[in-house]
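A quick write-up on the structure given underneath.
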Amino acid sequence: MGILSILLLLPLFACLLILAIPSSYRNSYKYIALGFAFLQFLVSGYLYWQFDGSQTGINSVSGYQFVEQLPWLRLDLGSLGQLEIDYFIGIDGISMPLILLSTIVMLMAIGASWNISKSLKGYFALMMLLSTAIIGIFVALDFFLFYIFYEVMLLPLYFLIGIWGGARREYAAIKFFIYTLFGSVFMLLVMVGLYFSVINPDTGAHTFNMLHMMNPANYVDGSFFATAANSFDVFGIPARMVGFIILFIAFAIKIPIVPLHTWLPDAHVEAPTPVSIILAGILLKIGGYGIIRICYSVFPDAAVQANWWIGLIGVVSIIYGALNALAQKDLKRMIAYSSVSHMGFVTLGIASMTVEGISGAMFQMVSHGFLSAALFFMVGVIYDRVHDRYIYNFRGLATLMPKFTAYLAIAFFASLGLPGFSAFIGEAFVIIGTFNAESVGTGISRWMALAGSIGILLSAVYFLWTLQRMFFGQTRLKGGEEWAVALTDLSQREQLILFPTIALSLLLGIMPFLVFDQMNAAVVNLVALVSTHL
């Protein structure tokens, strides 16, 4: 068994172990989950340490590392040929940073679950199953395998929100499930169309191998997604453009872009704190990863044609998310809308089709992952103490919670893009890449870079205004003396969870090469793949 399979199966083994242990030992579940999450983090750290950043990845199996490929399913379909599905996993510079991020955020989420008291066996088993699905998405190189992990991910999240969430948890869980399922159902149709359009050059059989799908030479002439002139049209639109749009929508729901974002604030507000950490820290990144790994790599010709619109969507998401965050009175909902704005930079950076822009988008995903996880954890700290998140019900918290205030202020400054922190690097590279995109003919306009800069300014407004309203001035609490007693400062466990995120933001802000060196070769290869269609 390879090291990637170990990384993938560790949380699944933990899930089965938790289910096997009798409920009389319910206090052991969180320790098992924490132990396996820590082991998974150590394995991902080893992968990072051993990773060769010079390998190109993207469309060549020789550019991937820790590759495992085994025949999984072979079925004779008669006149349709042989069904070929492989257990095919590997990582490159696009997936490696996100795998390490996922294990860090999952470890945070388990640490934040210490006060969960309801149905512990089911809760921690679902968390471990979710961890397996997330890692599976980032390592799968067979589209069928990718799709299985993508669908499996929905079930734990649905139950974690629907059972352990807030007052409107059923509504939020169903809304999240329907939105995501809507995208994935149509993704299945495109996946099947690609399967019958692509052949394995070694066996002559149709294949779900994503790397074969990235090579135009492997498409069957006259097939649905063929690159030849006699390929299909759907209502006058080339089938490859239709496939690109469908896949883009499926992944854009996850990012989420405007107007497909409305599930996010509801899911965040109703989800328990650990699930909000996973939603913001990992789930949104799956959308950006899918666009890079599949949309732009499998359909680069369609991506070039749709590029201006994708850049516009990114700009709209940046501005709209920031303005909505500015209008919120619920602290958790404000941070949720800030995520819409910050992930708009990811969409804009990808649309730039420049090395700087895509590198900035990837860096932004990593930075936003642990910073948003920290912010949602800190919202949970306040909510656990007084069960209230309404911004205007708090004033002068710095007097009562000085350590908490310090951590939150640093996280706010880091998130708004203050130089010296990781978010500044990501956003700056996206702006630079967007500005340069017009000169290399990607269709992106320079005014989009200016609009993105306005989004950074707005983020400073809503973060600093929230800090001023809640934490400074004379202490005034809606709950009076009862709240003043309940609002104790951070415990050692809470500081242990928060400190690594702040340290990471500062470390990557000073030494961004820790991420850039790992992904640069893969990003350059992706830009070269797409640029042939400009």
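Residue numbers (numbering that gives the first Met the number 0): 0 to 533. From the three backbone atoms N, C-alpha and C, an ideal C-beta is built for every residue, glycine too. Note that the coordinates shown come from a computational prediction; the quantities given were computed from them, not determined experimentally.
7 Å Cβ cutoff met for L9 and F35: yes
Taking Cβ to Cβ, would you say T465 is nearer than 7 Å to L347? no
Alpha carbon to alpha carbon, how far is P264 from Y382? Give it in angstroms, no decimals. 16 Å
Which residues does DSSP list as the beta-bridge partners of A139? I88
Option in Y218, L180, V60 with minimal Cα separation from V197: Y218
Is W71 helix, strand or coil when you go by DSSP? strand
Looking at the secondary structure, which residues open and close the alpha helix (DSSP H) in which G454 lies? 445-470
Please determine, among F148, F175, S490, the residue with the shortest C-alpha to C-alpha distance to G161. F175
Unbroken stretches of the beta strand (DSSP E), 3 residues or longer, contained in the segment 289-350: none
Cross-strand partners of V429 (DSSP beta bridge): The partner list for V429 (beta bridge, DSSP) is empty, contrary to what the question assumes.
Helix, strand or coil for F35? Go by DSSP, reduced to three states. helix
Identify whether L415 lies in helix, strand or coil by the three-state DSSP scheme. coil
Determine the DSSP secondary structure at Q473, reduced to helix, strand or coil. coil
Give the DSSP-derived three-state secondary structure of I198 in the structure shown. strand
Thinking C-alpha only, which one of A19, P237, D387, Q363 is nearest L507? Q363
Looking at the unbroken alpha helix (DSSP H) that takes in H547, where does it start and where does it end? No answer is possible for residue 547: the residues shown for the chain start at 0 and end at 533.
Whole-number beta carbon distance between S22 and K600, since they are thought to touch under 8 Å: Here the chain covers residues 0 to 533 and nothing more, so residue 600 does not appear.
Using only the alpha-carbon positions, how far apart do L70 and T206 sit? Looking at the sequence itself, residue 70 is Pro, so the reference to Leu does not match. Using only the alpha carbons, I get a separation of about 12 Å.
With 16 other CB atoms within 10 Å as the buried threshold, where does L396 fall? buried
Closest to F12 by C-alpha separation, out of V380, M126, N392, I309, would be which residue? M126
Among the residues of its own chain, which have a CB less than 6 Å from the CB of G425, if the five just before and after it don't count? G359, F362, Q363, S366
Terminal residues of the continuous alpha helix (DSSP H) containing A108? 95-110
Thinking C-beta only, is I136 closer than 7 Å to I285? yes
Residues near A372 in its chain [Cβ-Cβ closer than 7 Å; skip 5 each side]: V104, M107, I276, A279, G280, T500
Assign V380 to one of two classes, buried (16 or more other C-beta atoms within 10 Å of its C-beta) or exposed (fewer than that). buried
Is any beta-carbon of chain D found at less than 7 Å from that of W307? The structure shown contains no chain D; it is built from a single protein chain.
For Q54, does the three-state DSSP call read helix, strand or coil? coil
Could you give the distance in angstroms between the alpha-carbon of V439 and the alpha-carbon of V526? 11 Å
Tell me whether the beta-carbon of A301 lies closer than 7 Å to the beta-carbon of R239. yes
Is the beta carbon of L99 sitting closer than 7 Å to the one on S43? yes
The segment 442-449 contacting the segment 390-409, beta-carbon criterion three pairs below 8 Å: no
Sequence-distant residues of the same chain with beta carbon closer than 8 Å to N114, five excluded per side: D383
Using DSSP's beta-bridge definition, name the partner residues of L246. BP columns for L246 are empty, so no partner.
Over the uninterrupted alpha helix (DSSP H) stretch that includes W482, give me the two end residues. 479-485
Return the Cβ separation of D524 and G56 in integer angstroms, given the expectation that the two are a contact with Cβ distance under 8 Å. Looking at the sequence itself, residue 524 is Asn, so the reference to Asp does not match. Yes, N524 and G56 are in contact; Cβ-Cβ is about 7 Å, under 8 Å.
Suppose the cutoff is 7 Å on Cβ atoms and the five residues either side in sequence are ignored; what does the same chain contact list for Q443 look like? Correcting the residue type first, residue 443 is Ile in the shown sequence and not Gln. Excluding positions up to five away in sequence, the list reads N306, W307, G310, A350, S351, T433, A436, E437.
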